[in-house]
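As they're listed, the protein sequences go chains V and P. Each residue of the first sequence is one higher than the last, beginning at 15 in this note's numbering. Each residue of the second sequence is one higher than the last, beginning at 15 in this note's numbering. We treat Cβ as the ideally placed atom computed from N, Cα and C, and that holds for glycine. Let me begin by presenting the structure, written as structure tokens, before commenting on it.
Number of protein chains: 2
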Amino acid sequence: MNFGEYVKLYIPKITDAIKNIYNKKLNEVENSFLKDYYSELKDYFLAGGKRIRPLLCIATYNAFIEGGDDKIVFPSVGVEFLHNASLIHDDIIDKDDFRRGKPAFHYRFRQYHAKYDLKKMQAGDFGTNIGIIGGDSAFFFGLEAFLFNEFEQELNLNAIQYYEQAFKEISNGVLIEVDMVNQKDLKIQDYIEMISLKTGALLEKSILIGANYAMVDEKYKSLLSTYGVNLGIIFQIIDDLLGTFGDEKITGKPTDGDIREGKKSCLLITALNKLSEEDKKQLIQLIENPNISENDVNEVKILFQKADAANICRDLAKFYYNEAKKSLEQLKEVINDSEFEFFDNLLNFVIERKF
Amino acid sequence: MNFGEYVKLYIPKITDAIKNIYNKKLNEVENSFLKDYYSELKDYFLAGGKRIRPLLCIATYNAFIEGGDDKIVFPSVGVEFLHNASLIHDDIIDKDDFRRGKPAFHYRFRQYHAKYDLKKMQAGDFGTNIGIIGGDSAFFFGLEAFLFNEFEQELNLNAIQYYEQAFKEISNGVLIEVDMVNQKDLKIQDYIEMISLKTGALLEKSILIGANYAMVDEKYKSLLSTYGVNLGIIFQIIDDLLGTFGDEKITGKPTDGDIREGKKSCLLITALNKLSEEDKKQLIQLIENPNISENDVNEVKILFQKADAANICRDLAKFYYNEAKKSLEQLKEVINDSEFEFFDNLLNFVIERKF
Numbered sequence: 015m016n017f018g019e020y021v022k023l024y025i026p027k028i029t030d031a032i033k034n035i036y037n038k039k040l041n042e043v044e045n046s047f048l049k050d051y052y053s054e055l056k057d058y059f060l061a062g063g064k065r066i067r068p069l070l071c072i073a074t075y076n077a078f079i080e081g082g083d084d085k086i087v088f089p090s091v092g093v094e095f096l097h098n099a100s101l102i103h104d105d106i107i108d109k110d111d112f113r114r115g116k117p118a119f120h121y122r123f124r125q126y127h128a129k130y131d132l133k134k135m136q137a138g139d140f141g142t143n144i145g146i147i148g149g150d151s152a153f154f155f156g157l158e159a160f161l162f163n164e165f166e167q168e169l170n171l172n173a174i175q176y177y178e179q180a181f182k183e184i185s186n187g188v189l190i191e192v193d194m195v196n197q198k199d200l201k202i203q204d205y206i207e208m209i210s211l212k213t214g215a216l217l218e219k220s221i222l223i224g225a226n227y228a229m230v231d232e233k234y235k236s237l238l239s240t241y242g243v244n245l246g247i248i249f250q251i252i253d254d255l256l257g258t259f260g261d262e263k264i265t266g267k268p269t270d271g272d273i274r275e276g277k278k279s280c281l282l283i284t285a286l287n288k289l290s291e292e293d294k295k296q297l298i299q300l301i302e303n304p305n306i307s308e309n310d311v312n313e314v315k316i317l318f319q320k321a322d323a324a325n326i327c328r329d330l331a332k333f334y335y336n337e338a339k340k341s342l343e344q345l346k347e348v349i350n351d352s353e354f355e356f357f358d359n360l361l362n363f364v365i366e367r368k369f
Numbered sequence: 015m016n017f018g019e020y021v022k023l024y025i026p027k028i029t030d031a032i033k034n035i036y037n038k039k040l041n042e043v044e045n046s047f048l049k050d051y052y053s054e055l056k057d058y059f060l061a062g063g064k065r066i067r068p069l070l071c072i073a074t075y076n077a078f079i080e081g082g083d084d085k086i087v088f089p090s091v092g093v094e095f096l097h098n099a100s101l102i103h104d105d106i107i108d109k110d111d112f113r114r115g116k117p118a119f120h121y122r123f124r125q126y127h128a129k130y131d132l133k134k135m136q137a138g139d140f141g142t143n144i145g146i147i148g149g150d151s152a153f154f155f156g157l158e159a160f161l162f163n164e165f166e167q168e169l170n171l172n173a174i175q176y177y178e179q180a181f182k183e184i185s186n187g188v189l190i191e192v193d194m195v196n197q198k199d200l201k202i203q204d205y206i207e208m209i210s211l212k213t214g215a216l217l218e219k220s221i222l223i224g225a226n227y228a229m230v231d232e233k234y235k236s237l238l239s240t241y242g243v244n245l246g247i248i249f250q251i252i253d254d255l256l257g258t259f260g261d262e263k264i265t266g267k268p269t270d271g272d273i274r275e276g277k278k279s280c281l282l283i284t285a286l287n288k289l290s291e292e293d294k295k296q297l298i299q300l301i302e303n304p305n306i307s308e309n310d311v312n313e314v315k316i317l318f319q320k321a322d323a324a325n326i327c328r329d330l331a332k333f334y335y336n337e338a339k340k341s342l343e344q345l346k347e348v349i350n351d352s353e354f355e356f357f358d359n360l361l362n363f364v365i366e367r368k369f
């Protein structure tokens, strides 16, 4: 099956599994505010997202099980809960009021605040507070995917261990990124480590959870890990490229955002390492200015070009692509053709994407 | 063993188990900011707290196992992680910068911010952001207590199910409390439901997790539940009483805090239900005033006295005490004497406490 066929077949099943978890919560509560709260969470989860993580989990399981088996669908949504829970908290941290073109979870409750006659709490605080709890809820609900399914207890405990490890790695990645603003001499390897944790770890764990349920032999796990982590690395490098040199009409994102927020992107770190001392000094000055002008943003782009940063980053993505491809080729003999096609399509999509 | 002896014997063991979980994290990371982050979390966990929840888990286990067994200590700390994780997020939500006389977790990182040259992030935001992630980390690390211990997998999965349920009930309690500010005609039963969830649920689950590991017969679980939930209810009612009519020199807390923040305390809800329409109207006006004066606070206290609120609340606590006591007496035949004494002491302590 190619990637598109996989999406078409499994997204409705994944959506149903997510709905089931929330409908259970909704049935349990009577209080009207709790009903609104769980409805908003459910709605937020159903509002969008490509479901790449559950798809990876399902495809890995099916890759090793002849004919596949839909009982993997329910546990596969655990990683989607972890992902969305992180997004809910990230949006508070980054003060992003919109996600996928729709209101962020905390922003929904900033608006909800109007229903209250709250003299002692501002709308902004109210949204943030419910948002913090909302992310927490989603982290916990993800556990249900591993608690209530048809697999053996040992496999479920392994999956929960991966779930915990995935969170730890994601948070380590986020914290290293926070700390990066304080680092003057970043190497590209620091960046790769950071995105491996922040984005690669959960893609890898989605795959390993699928492999766990399919009881895949240990010897294939490191190949699967390489594929998963590298998929995340490639995704982030391309994200950085599109964030500055993408086509706004296609990406839907302005190409000055990363530069304005001074993001330690692949482009910036590459440029800082390649430019002359003088150019580097100028670049730092431009980036650190809190009132960066449109002209300054263009100056930064010119310095990126001078360092040939876009090409260097693209080559870097290509390097991780080749590594992932090599791992996938080694798995070819032992996995089903249908899922080989899925993994191969996804890898190509991630490096070629324009949005 | 009386409560004091229990504390003396088990607190050092509980502390060691918490340290072990954090030392493992600290050994895994090299990045200096991550080392600081995990050190602060560890330090926050070790800075205080009465460890009531792990003690309840341990005592319940020992109550049913002849001679007890220290292998319960490690899984018992899971509930302490859940408790502290909630406190970290609560302190952000309530904007409390101190906890147990020491800096709240987010406040530690507000101070840490001075180490950075962060032009694009304020100290307050930095503290909040690291605080959100800190609470998340603690929620996840609690899982390790159930993943890496000497008990059977089935018992560990049950414990994780209790862990998830405890969070869901706590958060439902917190959300119902948030919604209460919008409710005009609160009944005391609404308040009891709220504190049963917010405080009772985790005490109950601490006990049920201990019972789970001791493989206690189902028929005793509802007695154990009653004891645990009621312990939480009594604790909160007394907390509300001390928050307004306590001795500041003993409690260490000002007796105007609850009134100033307009907390829907047991006293306030009782008074609103008992007072005449006229007095009720005055009380609402006083409470809703964002610039409440010292004189207004005293007016509120006079209205509480007029409604005989303190005595009514004390009687309410006594009612739940008697229920818990009855359950405990029914358990007396099947549990060890040593732990009966612990449970009995704790129940008396919670209702008689002055701080």
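query: C-beta contact flag for Arg361(V) and Ile248(V) at 9 Å; result: It should be pointed out that residue 361(V) corresponds to Leu in this sequence rather than to Arg. In this structure, Ile248(V) lies closer than 9 Å to Leu361(V) by Cβ.
query: Span of the alpha helix (DSSP H) around Gln167(V); result: 167–194
query: Whole runs of the beta strand (DSSP E) within the segment 28–69 of chain P, excluding any shorter than 3 residues; result: none
query: Contacts around Phe17(P), its chain only, beta-carbon distance under 6 Å, and the 5 residues preceding and following it disregarded; result: Phe356, Asn359, Leu360
query: Per-residue DSSP class, three states only, for Phe249(P); result: helix
query: Cut-off 7 Å between Cβ atoms - residues of its own chain near Lys294(P), not counting five sequence neighbours on either side; result: Leu286
query: Exposure of Lys38(V), with buried meaning 16 or more beta-carbon neighbours within 10 Å; result: exposed
query: When Ser341(P), Lys233(P), Cys327(P), Ala321(P) are compared against Leu289(P), the one with the closest alpha-carbon; result: Ala321(P)
query: Own chain partners of Asn186(V) with C-beta closer than 7 Å, once the 5 adjacent residues on each side are dropped; result: Leu211
query: Spatially closest choice to Ile28(V) from Gly148(V), Glu343(V), Lys64(V), by CA coordinates; result: Lys64(V)
query: Reference Ile6(P), options Glu291(P), Glu94(P), Asn143(P), closest by Cα; result: Because chain P in this structure spans residues 15 to 369, residue 6(P) falls outside the shown range and cannot be described.
query: Closer than 7 Å at the beta carbon, the chain V residues around His103(P); result: Ile146, Asp150
query: Nearest-angstrom Cβ-Cβ length linking Ile146(V) and Ile107(P), presumed shorter than 8 Å; result: 6 Å
query: Bridge-paired residues (DSSP) for Phe112(V); result: Pro117(V)
query: Best match in Ala31(V), Asn350(V), Tyr130(V) for proximity to Phe47(V) [C-alpha to C-alpha]; result: Tyr130(V)
query: CB contact flag (Ala173(P), Ile349(P), <9 Å); result: no
query: 9 Å Cβ cutoff, Asn170(P) in contact with chain V; result: yes
query: Contacts of Asn186(P) in chain V (Cβ-Cβ under 8 Å); result: Val43, Asn45, Leu48
query: Listed by chain order, chain V residues near Tyr51(P) by CB distance under 7 Å; result: Leu189
query: Spatial distance of Val314(P) from Leu297(P) (CA atoms); result: 6 Å
query: DSSP state of Val230(P) mapped onto helix, strand, coil; result: coil
query: Other residues of its chain near Thr284(P): CB distance less than 7 Å, five sequence neighbours each side excluded; result: Ile202, Ala321, Ala323, Ile326, Cys327
query: Top-ranked residue by Cα proximity to Ala152(P), from Lys22(P), Glu191(P), Ala99(P), Asn143(P); result: Ala99(P)
query: 9 Å Cβ cutoff, Met135(P) in contact with chain V; result: yes
query: Sub-9 Å separation of Tyr75(V) and Tyr227(V) beta-carbons; result: yes
query: DSSP-derived helix/strand/coil call for Gln136(V); result: coil
query: Neighbourhood of Lys235(V) by C-beta, 8 Å cutoff - its chain only, sequence neighbours within 5 removed; result: Leu222, Ala225
query: Where Leu200(P) sits in the DSSP three-state scheme; result: coil
query: Start and end residues, alpha helix (DSSP H) containing Arg328(V); result: 323–345
query: Ala331(V) and Ile251(V) closer than 9 Å at C-beta; result: yes
query: With 16 other Cβ atoms within 10 Å as the buried cut-off, status of Asn312(P); result: exposed
query: Own chain residues within Cβ distance below 7 Å of Gly383(P), not counting five before or after; result: Any property of residue 383(P) remains undetermined from this structure, which presents chain P solely from 15 to 369.
query: Contact list for Val182(V) against chain P, beta-carbon separation under 9 Å; result: For the sequence presented, residue 182(V) should be read as Lys rather than Val. Per Cβ cutoff of 9 Å: Lys39, Glu42, Ser151, Phe154, Phe155.
query: Identity of the residue in Thr142(V), Tyr334(V), Glu302(V) nearest Ser239(V) by Cα; result: Tyr334(V)
query: Among Pro89(V), Lys49(V), Lys267(V), Glu291(V), nearest to Asp193(P) - alpha-carbon criterion; result: Lys49(V)
query: Asp272(P): first and last residue of the uninterrupted alpha helix (DSSP H) it sits in; result: 271–274
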